[in-house]
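Residue numbers (the working numbering): 13 to 132. Cβ atoms here follow ideal geometry from the backbone N, Cα and C, with glycine treated the same way. If you're wondering where the values come from, they're calculated on a predicted model, not measured in any experiment. Notes for the one structure printed next.
Here is the structure:
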């Protein structure tokens with residue numbers, strides 16, 4: 013996915029894992045990580061997001077555009093939970109959000125613009 017490529021541009025040595033929301037959370041990899049980037053994916057149920065955030069020294073950056081995930085975060089925030097850094101916007105493509113978060117002061121390349129238009 014293009015969003016993962018964008019994150020790799022920022023962190024060339026990052027280990028990328030591909031999985032779907034319905035897959036089991038890869039806790040063995042999470043426990044090894046210093047920082048966790050969730051790009052276009054969310055740990056379900058929401059308790060999994062809480063658990064990932066609760067591990068010591070783990071920063072969870074979360075970028076997503078699905079309304080269901082945004083609503084789950086909003087419901088959790090109502091209970092005093094911390095907001096995850098990153099960007100969430102159901103009206104934009106994940107690659108668009110990822111570029112903006114990773115490279116806020118750089119113009120978006122045409123290949124990201126085209127992919128964002130195709131994703132909508």
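Cβ-Cβ distances below 8 Å link residue 75 to 15, 49, 50, 51, 52, 98, 99, 100, 106, 109, 110 and 113 in the same chain, with the five nearest sequence neighbours on each side left out; the list follows chain order. Taking C-alpha positions only, residue 29 is separated from residue 21 by approximately 16 Å.
Per the C-alpha coordinates, the member of 25, 119, 60 and 132 positioned closest to residue 85 is 60.
DSSP places residue 60 outside any beta strand (DSSP E); the residue lies instead in the alpha helix (DSSP H), whose first and last residues are 58-66. The closest CA to that of residue 42, considering only 132, 65, 117 and 32, is found on 65. Taking the CA atoms as reference points, residue 95 sits about 30 Å from residue 123. The beta carbons of residue 79 and residue 46 sit no closer together than 9 Å. Here residue 19 has 26, 28, 49, 51, 110 and 114 as same chain residues with Cβ atoms under 8 Å from its own Cβ, once five neighbours each way along the sequence are excluded. Secondary structure at residue 75: strand, using DSSP grouped into helix, strand and coil. Within the same chain, 52 come within 7 Å of residue 13 by CB-CB distance, once the 5 residues on both sides are set aside.
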